[in-house]
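*Asks:*
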Amino acid sequence: MGKTFKRPEALSENHTHYCPGCTHGVIHRLIAEVIDELGIRKNTVGIAPVGCAVLAYNYFTFDFQEAAHGRAPAMATGIKRVRPDLNVFTYQGDGDLASIGMGEIIHAANRGEKFTSIFVNNAVYGMTGGQMAPTTMPDQKTTTSPYGRDIGQTGMPIKVANLLAALQTDAYITRQTVIRPKDINKTKKAIKQAFTYQLEGRCFSMVEVVSTCPTNWGMTPVEAIKWTEDNLLPYYELGDYKTPQ
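Per the numbering used here, numbering of the sequence shown is gapless, rising by one per residue and ending at 252.
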C-alpha cells in the first residue's frame, strides 16, 4: 500500500518542544512541504531569533541561523545581499518581531529586501512567561497585565500586516491562520507564494499567521481555537494586504 501522507524531507524526525495545541508545529510542516514542492531545500537558509521558535533549527533539514532577539531581518538582509541565489526566510513571533524587532522589520520592508518573513502572531510572549506583547488584545490578561491590557496606558494592538502594507515599497503582505483545515490550506498557498516571489527576485514578503498559545492563555487547545475565532480574527482580519505590481 502506498503512502499518501508522509514526513516532508525538509522536516526532521526530532520531537518538538512545543506545548500541546501550539500551532508552531503546523506552520513548520507547511514551510517544509512548500520547500520540498519547490525543490529548494539545499538552497534555503532559515533564521530564528530568541523566542518560541528559537529551537527551530532542530526541526528542519536545511541550514538555519540563530539571531539576537528581534534582529532576524538584519541577519536575513546580510545573507540575502551576499548570496542573492539563496531562499532566505525569518521565522519570528510577535513579541520578537513587533516589539524589540519592530524597527528591523519596518526598515527591511521599506528597503524592499528580497527575503521572506514568517510572522507568528499568538498575541503574547510565548516562550518567556506569557507577558503582554504588542499584539495582545484589549483587556486580555497576561502575566504582565493580570487585570487585562489597558489600552489607555499601552495603546491598541499593532496590526503588523496593515502597517507594512502601508509602506510605498513593492511587497507581498498577507495575514492567514492555521486554526481550521481550510485556513491551513490557505496559509500553505500564501507561504508558497511568498517564496515564489522571492525566487523570482520580485520583492520583500511577509506571511503573518494568527496562532494559538493555549498554555499562556490558560486554556485547553479547543478553547484556544474558539477564543482565536471570537477575539483575534475579528481584529486581525485575514487576507492579502499587498501584492507586488
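In this text, a Cβ means the ideal position worked out from N, Cα and C, and glycines have one as well. All values derive from a computational prediction rather than experimental measurement.
1. Can you list, in chain order, the stretches of the beta strand (DSSP E) that have 3 or more residues and sit fully within the stretch 169 to 213?
2. In chain order, what residues of the same chain have a beta carbon less than 6 Å from the beta carbon of A168, not counting five sequence neighbours either side?
3. Nearest-angstrom Cα distance between P153 and G133?
4. Check whether the Cβ atoms of G58 and G28 lie closer than 8 Å to each other.
5. Could you have a look at E3 and say whether DSSP puts it in helix, strand or coil?
6. From the DSSP output, read off the bridge partner residues of A55.
7. Taking 8 Å as the threshold (beta carbon to beta carbon), is D146 in contact with chain D?
8. Can you name the start and end residues of the alpha helix (DSSP H) that T222 belongs to?
9. Look at the alpha carbon of I232 and the alpha carbon of S218, and state the distance between them as a whole number of angstroms.
10. With DSSP run on the structure shown, which of helix, strand or coil describes L62?
11. In chain order, which beta strand (DSSP E) runs of at least 3 residues are fully inside the stretch 122 to 147?
*Replies:* Well, looking at it:
1. 178 to 184
2. Working through the sequence shown from its first residue, we reach residue 168 at position 161. Only I180, R182, E215 and Y248 meet the Cβ criterion.
3. Along the sequence shown, read from residue 1 onward, the residue named residue 153 stands at position 146. Along the sequence shown, read from residue 1 onward, the residue named residue 133 stands at position 126. If you take the alpha carbons of P153 and G133, they lie about 16 Å apart.
4. Locating residue 58 in the sequence shown gives position 51, counting from the first residue. Locating residue 28 in the sequence shown gives position 21, counting from the first residue. Taking 8 Å as the Cβ cut-off, G58 and G28 do not qualify as a contacting pair.
5. With the chain running from 8 to 252 in the structure shown, residue 3 is simply not present.
6. Counting from one through the sequence shown, the residue named residue 55 turns up at place 48. BP columns for A55 point to E73.
7. Reference to chain D is not applicable here, since this structure consists of a single protein chain.
8. Looking up residue 222 in the sequence shown gives position 215. Residues P221 to W224.
9. For the purposes of this step, residue 232 is taken as residue 225 along the sequence shown, with counting starting at 1. For the purposes of this step, residue 218 is taken as residue 211 along the sequence shown, with counting starting at 1. For I232 and S218, the distance between alpha carbons rounds to 9 Å.
10. Looking up residue 62 in the sequence shown gives position 55. Residue state, collapsed to three classes: coil.
11. 123 to 128
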